[in-house]
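Encoded as structure tokens, the structure appears first; notes follow it.
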Amino acid sequence: MNNRLRVLRAERGWSQADLAERLDVSRQSINAIETGRYDPSLPLAFRIADVFGLAIEAIFLRD
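Read left to right, the sequence shown gives residues 778 to 840 (my numbering).
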């Protein structure tokens with residue numbers, strides 16, 4: 778699954794560690810999601826969407 782996480786994070790000036798802290802996950806998890814090595818669980822995807830104030834569909838895109 779493709780995602781816009783890196784772009785959205787960069788627009789806000791957040792590091793991977795900053796976003797990880799907001800989501801209560803590891804920085805490595807953020808890196809794995811951004812690089813497409815890991816697809817987040819649905820609860821985590823909702824938390825990510827909430828942090829950015831966007832719908833899940835605006836962040837995660839079908840391949």
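In this text, a Cβ means the ideal position worked out from N, Cα and C, and glycines have one as well.
Chain-order list of residues whose beta-carbon lies under 8 Å from that of residue i (same chain, five-residue window excluded)
i           : result
residue 815 : 806 and 809
residue 802 : 821
residue 779 : 813, 837, 838, 839 and 840
Nonlocal neighbours in the same chain, by C-beta distance under 7 Å from residue i, ignoring five residues either side
i           : result
residue 799 : 828
For residue j and residue i, the rounded distance between their alpha carbons
i           : j           : result
residue 818 : residue 825 : 10 Å
residue 792 : residue 839 : 25 Å
N-terminal and C-terminal residue of the alpha helix (DSSP H) that residue i is part of
i           : result
residue 786 : 782-788
residue 828 : 819-829
Beta-carbon proximity list for residue i, same chain, < 6 Å, skipping 5 on both sides
i           : result
residue 811 : 782 and 783
residue 786 : 796
Cross-strand partners of residue i (DSSP beta bridge)
i           : result
residue 838 : 779
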